[in-house]
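J.: Would you mind keeping the following structure in view while I ask a few things?
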Amino acid sequence: MKLIDATRCPYCARVRIALAEKGIDHEAVLIDLKDRPHWLLELNPPSGRVPVLEDGFVLPESEVIMAYLDERYPERPLLPADLAERARARLAVHRFDDNLGDDYYAFRRGGDNDLAGRLEALEVGRSLFADVAYVPWVIRARDLLGVELPGRIAAWLAELEQRPSIAAEVAVVRAL
Ligand SMILES: N[C@@H](CCC(=O)N[C@@H](CS)C(=O)NCC(=O)O)C(=O)O
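This is the structure:
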């Protein structure tokens, strides 16, 4: 299994954390986001976005990759067992991506800055799947953008950081 990856990318981080949670052996191919290789545009047209998973077939889109990994490696599940709860967890990630996901780069450029307020609204702690999907943004807000996290979110992150998969991502971000 191969992950086309970029250390800075929070969408890739979700997949890195999911792979680590499940202890899945894989090869990571790191690309430069500012100088995307040509083969990536062919692999995931038209944008050449990352992450992309290759597992005998080509799979882009972080939320879809996470759900695929969870089904393919059902041990240590990320999604809840109950079907309605599974659907809700996936929906929560789609909503997060619509509302906040792509704003990360805008925040980095110093745009609308009520990031703490927007993080405050996150419904954390409902499923590991959604928590893993949100946490790369929260780590980057705290450690790259210097955002003071609302108490509830800071406490949630402190607990999640006990997991080696999340601690490893914190280390990645601090090395950026
Ligand atoms: N919806 C995609 C978003 C992925 C994404 O936007 N990745 C960024 C890097 S963090 C990217 O490759 N952007 C390039 C572009 O949008 O052209 C996912 O969940 O995987």
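Here this note's numbering = 1-based position in the sequence shown + 144.
Cβ coordinates follow ideal geometry from the N, Cα and C atoms, glycine included.
Quick caveat, the model's predicted, so the values are computed rather than measured.
1) Could you spell out the range, first to last residue, of the beta strand (DSSP E) harbouring residue 187?
2) With a threshold of 7 Å, establish whether the CB of residue 298 neighbours any heavy atom of ligand 1.
3) Are the CB atoms of residue 195 and residue 206 within a distance shorter than 8 Å?
4) If contacts are defined as beta-carbon pairs under 8 Å, then residue 173 and residue 148 qualify, I think. What distance do you get, rounded to the angstrom?
5) Please name the residue, chosen from 202, 167 and 166, that lies closest to residue 183 on a Cα-to-Cα basis.
6) Ordered along the chain, which non-local residues of its own chain (more than five positions away) have a Cβ less than 8 Å from that of residue 347?
7) Between 219, 285, 181 and 295, which has its C-alpha nearest residue 163's C-alpha?
8) From the DSSP output, in three-state form, read off residue 178 for me.
T.: According to the structure shown:
1) Looking at the DSSP string, residue 187 is not in any beta strand (DSSP E); the run it does join, the alpha helix (DSSP H), is 182-187.
2) Not a single heavy atom of ligand 1 lies less than 7 Å from the C-beta of residue 298.
3) If you check the CB distance, residue 206 and residue 195 come in under 8 Å.
4) 5 Å
5) Checked all of 202, 167 and 166; the closest Cα to residue 183 is 202.
6) Within the shown structure, residues of the chain are numbered from 145 to 320, placing residue 347 beyond reach of any answer.
7) Comparing alpha-carbon positions, the option among 219, 285, 181 and 295 lying closest to residue 163 turns out to be 219.
8) Looking at residue 178 - three-state DSSP - the assignment turns out to be coil, as it is neither helix nor strand.
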